[in-house]
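Residue numbers (UniProt numbering): 1 to 525.
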């Protein structure tokens, strides 16, 4: 029986607790803060809950999602690894921490997490741990040329490692620096062909990104990675493509990591394909070398929109063409040159990779660009597609949108951002590509909102294409500043939809800034 005094104490404590739980005066500010720093909050929350026992229906599935289909006995050994992540400038989600441990402990692996789950961060975490614990300092990343810029930027932003870009005119100098001083060497599958015989030293961790390009054993790129794998203490092949749906191709990837395991897997596939229980046996066989988590497994609380910056490195001919446009002082010509077209098109190459991935996944995507000639080039790449630009009358737009919405499985829409970025609903699309940055942050936000709006049932992934060492980089910096001002304005005024006029600088003013920024950068180079 609770005594009177105890009862009063409990009531008093309850009243104090209620006061501490008083909601904030500005819910919009809290919501925006949580949205903008979602990954950081989630990582801190997960860290705070680490080790607590939760007796509810979600705890077991959450743990299973974190481990993918890795058997309990392997997962237990992986979890026992204590990561040393001093100098890594990012808070890992729980599943990302497990992924980094998996790369360290299992040594020769395929990391197959779905796009958007942060495979790059997991790889950098593994490198950081190996550097801190084993004094490892020679790492290499091989990937398509179109994402070298992404890797370079993440290495510089998230770690203390030197990024050695073995690509372009400086590749030999960078190779020498890497071989003598270490760091993270980043090169493309194609460039590797020209320097493979010069690399004859131990590699502490080899990463092959977009590894589905290695599925054919007869190709030179496959042979080159196999050669590097023999020099490597650890290797991780990274791909967001669900290759377990193509078991023969998947077996070849596993063979690169572990020849015997890959051979066993290939034999099992050949002898048992289509037989009852084959999928489960496949999963069991590959567990020591394969980790895949889907968004639905590990991000139940994921915000509705994920934005990915795709930093793309232009080819040397494209960069020379771009430099000529800078000297012409024509900002529009500079922006179009950054979209490619002279001696190749790095942005289209990256788009082609994404289209293949989303076609396999049966997802619809919308691609926005300011320039009609860019839309023409994108249309040629896509083949069958839907299109809305300034020449399409409003009555025709509705019919085009209906066709796009009613299409089964994969479909692609290309839109001129000033025409398709406002006033239309594209909730059937769950992927948005912004082919180049725009002058105004509100232009980009409105385009994203065509898909990310009420009625959307899937998480939206936004890919921002940005060409390194071009006006894209300068424009992105300016737009980020304007976006920050917009956020401050919206919070301080407590107005849900702040006026775009508060932050949208005139095009004349921003054009002058951009031209001067690019002239200074080209001159310095």
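Each residue gets a CB set at the ideal place from its N, CA and C atoms; glycine is no exception.
CA nearest to the CA of residue 232, picked from 257, 69, 284 and 204: Along the chain shown, one-based indexing puts residue 232 at 232. For the residues 257, 69, 284 and 204, the minimum Cα distance to residue 232 belongs to 204.
Alpha-carbon to alpha-carbon, residue 382 and residue 53: Sequence index remark: in the chain shown, residue 53 carries index 53 (1-based). Sequence index remark: in the chain shown, residue 382 carries index 382 (1-based). Any answer about residue 53 is weak, because its pLDDT of 40 lies below 50 and its placement is not dependable; what the coordinates show is given next. Rounded to the nearest angstrom, the two C-alpha atoms are 50 Å apart.
When 341, 464, 292 and 471 are compared against residue 569, the one with the closest alpha-carbon: Nothing about residue 569 can be reported from this structure: the residues present for the chain run from 1 to 525 only.
Residue 226: first and last residue of the uninterrupted alpha helix (DSSP H) it sits in: One-based indexing of the chain shown puts residue 226 at position 226. Run containing residue 226: 220-231, per the alpha helix (DSSP H) assignment.
Selected residue, minimal CA-CA separation from residue 258, among 270, 290 and 283: Counting from 1 along the chain shown, the entry for residue 258 is found at position 258. Of the listed residues, the one whose Cα sits closest to residue 258 is 290.
Which residues DSSP lists as bridging residue 209, in chain order: Numbered from 1 along the chain shown, position 209 holds the residue referred to as residue 209. Per DSSP, 238.
Assigned exposure category for residue 340 - 16 Cβ within 10 Å defines buried: Along the chain shown, read from residue 1 onward, the residue named residue 340 stands at position 340. So residue 340 counts as buried.
Residues sharing a beta bridge with residue 413, DSSP: For the purposes of this step, residue 413 is identified with residue 413 of the chain shown, where counting begins at 1. Per DSSP, 366 and 386.
Assigned exposure category for residue 516 - 16 Cβ within 10 Å defines buried: Within the chain shown, numbered from 1, the residue matching residue 516 stands at position 516. Exposed, because fewer than 16 other Cβ atoms sit within 10 Å of the Cβ of residue 516.
Residue from 253, 141 and 479 with nearest C-alpha to residue 218: Within the chain shown, the letter at position 218 stands for residue 218. Comparing Cα-Cα distances from residue 218 to each of 253, 141 and 479, the minimum goes to 253.
With 16 other Cβ atoms within 10 Å as the buried cut-off, status of residue 247: Numbered from its first residue, the chain shown carries residue 247 at position 247. Residue 247 is buried by the Cβ-count criterion.
Member of 329, 411, 392 and 403 whose CA lies at the smallest distance from the CA of residue 512: Residue 512 sits at position 512 when you count from the first residue of the chain shown. Checking every option, the nearest Cα to that of residue 512 belongs to 329.
CB contact flag (residue 148, residue 186, <7 Å): Here residue 148 is taken as the residue at index 148 of the chain shown, counted from 1. Here residue 186 is taken as the residue at index 186 of the chain shown, counted from 1. For residue 148 and residue 186, yes; Cβs fall inside 7 Å.
Where the beta strand (DSSP E) through residue 92 begins and ends: Stepping through the chain shown from its first residue, residue 92 is reached at position 92. Where residue 92 is concerned, there is no enclosing beta strand (DSSP E), given that its DSSP letter is neither H nor E.
Spatial distance of residue 316 from residue 465 (CA atoms): Start at 1 with the first residue of the chain shown, and residue 316 comes out as number 316. Start at 1 with the first residue of the chain shown, and residue 465 comes out as number 465. Rounded to the nearest angstrom, the two C-alpha atoms are 18 Å apart.
Within the stretch 117-174, ranges of the alpha helix (DSSP H) (whole runs, at least 4 residues): 119-134 and 148-158
Residue nearest to residue 255 in terms of C-alpha spacing, selected from 220, 216, 311 and 240: Sequence index remark: in the chain shown, residue 255 carries index 255 (1-based). Closest option to residue 255, Cα to Cα, is 216.
Contacts around residue 338, its chain only, beta-carbon distance under 7 Å, and the 5 residues preceding and following it disregarded: Within the chain shown, the letter at position 338 stands for residue 338. Correct list, in chain order: 322, 436, 467, 470, 471 and 472.
Alpha-carbon spacing of residue 285 relative to residue 96, whole angstroms: Within the chain shown, residue 285 is the residue found at index 285, counting from 1. Within the chain shown, residue 96 is the residue found at index 96, counting from 1. Spanning the two alpha carbons is a distance of roughly 23 Å.
Among 326, 401 and 481, the one whose alpha carbon lies nearest that of residue 520: Residue 520 sits at position 520 when you count from the first residue of the chain shown. Answer by Cα proximity: 326.
Cβ-based neighbour list, residue 359, same chain, cut-off 7 Å, excluding 5 preceding and 5 following: Within the chain shown, residue 359 is the residue found at index 359, counting from 1. Taken in chain order, the residues that qualify are 410.
Whole-Å CB distance - residue 433 paired with residue 448, under 8 Å assumed: Residue numbering aside, residue 433 sits at position 433 when the chain shown is read from its first letter. Residue numbering aside, residue 448 sits at position 448 when the chain shown is read from its first letter. Between residue 448 and residue 433 the Cβ distance is about 11 Å, and since that is not below 8 Å, they are no contact.
For residue 514 and residue 505, the rounded distance between their alpha carbons: Taking the first residue of the chain shown as position 1, residue 505 is located at position 505. Taking the first residue of the chain shown as position 1, residue 514 is located at position 514. Confidence in residue 505 is poor, its pLDDT being 47 and thus under 50, which makes the residue's placement unreliable; the coordinate value appears in the next sentence. Those two C-alpha atoms are separated by around 13 Å.
Proximity below 7 Å, CB of residue 298 to CB of residue 65: Here residue 298 refers to the residue found at position 298 of the chain shown. Here residue 65 refers to the residue found at position 65 of the chain shown. The answer is yes: Cβ separation under 7 Å.
Three-state secondary structure (DSSP) of residue 269: Along the chain shown, one-based indexing puts residue 269 at 269. Helix, per DSSP.
Cutoff 7 Å; reference residue 263; Cβ partners in own chain excluding five residues on either side: The residue labelled residue 263 in the question sits at position 263 within the chain shown. Hits under 7 Å: 255.
CB-CB length for residue 415 against residue 366, believed under 8 Å: Against the chain shown, residue 415 aligns to sequence position 415. Against the chain shown, residue 366 aligns to sequence position 366. Contact holds; Cβ gap of about 6 Å.
Exposure of residue 200, with buried meaning 16 or more beta-carbon neighbours within 10 Å: Here residue 200 is taken as the residue at index 200 of the chain shown, counted from 1. With fewer than 16 other Cβ atoms within 10 Å, it is exposed.
Rounded separation between residue 266 and residue 283 - CA only: On the chain shown, residue 266 is found 266 positions in, with the first residue counted as 1. On the chain shown, residue 283 is found 283 positions in, with the first residue counted as 1. Distance between the alpha carbons of residue 266 and residue 283: 13 Å.
Which of helix, strand or coil DSSP assigns to residue 287: Numbered from its first residue, the chain shown carries residue 287 at position 287. In the structure shown, residue 287 sits in coil (DSSP, three-state: anything other than H, G, I, E or B).
Separation of residue 92 from residue 154, as counted between CA atoms: One-based indexing of the chain shown puts residue 154 at position 154. One-based indexing of the chain shown puts residue 92 at position 92. Cα to Cα, residue 154 sits roughly 14 Å from residue 92.
Check whether residue 183 and residue 164 have beta carbons under 7 Å apart: Mapped onto the chain shown, residue 183 falls at position 183. Mapped onto the chain shown, residue 164 falls at position 164. In this structure, residue 164 lies closer than 7 Å to residue 183 by Cβ.
At least three beta-carbon pairs within less than 8 Å, the stretch 113-130 to the stretch 96-105: yes
Whole-angstrom distance between residue 116 and residue 549, CA atom to CA atom: Outside the displayed span of the chain (1 to 525) sits residue 549, for which this structure offers no information.
In DSSP terms, what residue 188 is bridged to: One-based indexing of the chain shown puts residue 188 at position 188. In DSSP, residue 188 forms a bridge with 143.
Secondary structure of residue 429, DSSP reduced to three states: Taking the first residue of the chain shown as 1, we reach residue 429 at position 429. The answer is coil: DSSP assigns residue 429 none of H, G, I, E or B.
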